[in-house]
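Structure, as structure tokens:
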Amino acid sequence: MQADRRGATPPGEDASSSGFTVDAFHNGGFFLVQPEGSGHRAGMDAMLLAATVPESARGLLADLGAGAGAAGLAAAARLPDLEVVLIERASVMADCARRTLQLAENAHLAARARVIEADVALQGDRRRAAGLEDCRYDYVIMNPPFNSGRDRKTPDPLKSEAHAMEFGDLFERWLRTASAILKPGGQVSLIARPESLSDILIAMGKRFGGAEITPICPRPGDDAIRILVTAIKGSRARLGLRDRILIHEGAGNDFSTQMNDLANGRTAWPRRVKTRSSK
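Shown next as structure tokens:
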């Protein structure tokens, strides 16, 4: 699943000579500095994740495992009253995010975004010392490395780190952090494989409620290859299963109208049900 890229290199950024590329998203609405031959390159997963942040969103958003910052910056590009913090453990990708914010073409976003280089799974005082304070964020989005360690691994160690789980309780670790840093009533969003759903719901436990699940299917009749999940901290609302999102409408590889709009920041995929915090 790839994003709308032009492969452009804006003035002042010689990406090709340094082993990095500068790629356009949202039809040139913002650009990302990304490793050219290694690491995870952002695509449709990030754009779909960003679309779960509603049009009314304002305040502070945390992008956990942000990579070069695709999902967080896609949300910021669409929502002018939103500030974003890009949290990334891998030094190479955190540096890409910093370079991304330094691009002249991203000047309209740079004042509303910053990077924290930290492990999402940190707990307690170590997490707070890294800059992930308790109950500070209005939104948390995450695209965890949801491939199983049993899957065939890429020989690229940076890409492997971004794609494959290191721990069987990965969702527990990431959702624990999301719950800690979210304000009561704050929204968490994540994208994962369908087979991860039970682990996700178990990890949400009593921390989150009102989970809404959206299957992402390549074409009519195909099984889902991803799920989008949103939930509210402290909510007591029931779980809901949303209508699917189709990536393609016909036999070709063109995006469906809906997917094209979601990928390029022209529309959002907000929650159906407004929930009320239990606090």
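Heads up: the sequence shown runs through residues 0 to 278, numbered per numbering that gives the first Met the number 0. A virtual CB, placed ideally from N, CA and C, is assigned to each residue, including glycine. Because the structure is a prediction, the values reported are computed rather than measured.
6 Å CB neighbourhood of residue i in its chain, flanking five on each side removed
i: residue 93; result: 87, 114, 116
i: residue 27; result: none
i: residue 270; result: 211, 229
i: residue 218; result: 247
Whole-number beta carbon distance between residue j and residue i, since they are thought to touch under 8 Å
i: residue 89; j: residue 267; result: That pair is no contact at about 29 Å.
i: residue 95; j: residue 67; result: 4 Å
i: residue 32; j: residue 99; result: 5 Å
i: residue 226; j: residue 191; result: 6 Å
i: residue 61; j: residue 136; result: 5 Å
i: residue 209; j: residue 236; result: 3 Å
Cβ-based burial, residue i [other Cβ within 10 Å; buried from 16]
i: residue 139; result: buried
i: residue 22; result: buried
i: residue 205; result: exposed
i: residue 272; result: exposed
i: residue 186; result: buried
Cβ neighbours of residue i in the same chain (closer than 8 Å, five flanking residues each side left out)
i: residue 256; result: 248
Secondary structure of residue i, DSSP reduced to three states
i: residue 85; result: strand
i: residue 194; result: helix
i: residue 255; result: coil
i: residue 64; result: coil
i: residue 51; result: coil
i: residue 215; result: strand
i: residue 185; result: strand
i: residue 266; result: coil
i: residue 171; result: helix
i: residue 248; result: coil
Contact set for residue i: own chain, Cβ-Cβ below 7 Å, skip 5 residues either direction
i: residue 73; result: 24, 25, 45, 46, 49, 264
i: residue 40; result: 33
Residue-level contact to chain C via CB, residue i, 8 Å cutoff
i: residue 170; result: Absent from the structure: chain C. Only one protein chain is present.
Counting Cβ pairs closer than 8 Å, one from the stretch 74–89 and one from the stretch 55–62, do we hit at least three? Because the criterion of three Cβ pairs below 8 Å is met, the stretch 74–89 and the stretch 55–62 touch.
Taking contact to mean 3 or more Cβ pairs, one atom from each stretch, closer than 8 Å, check whether the stretch 184–202 and the stretch 239–252 are in contact. No, they do not touch.
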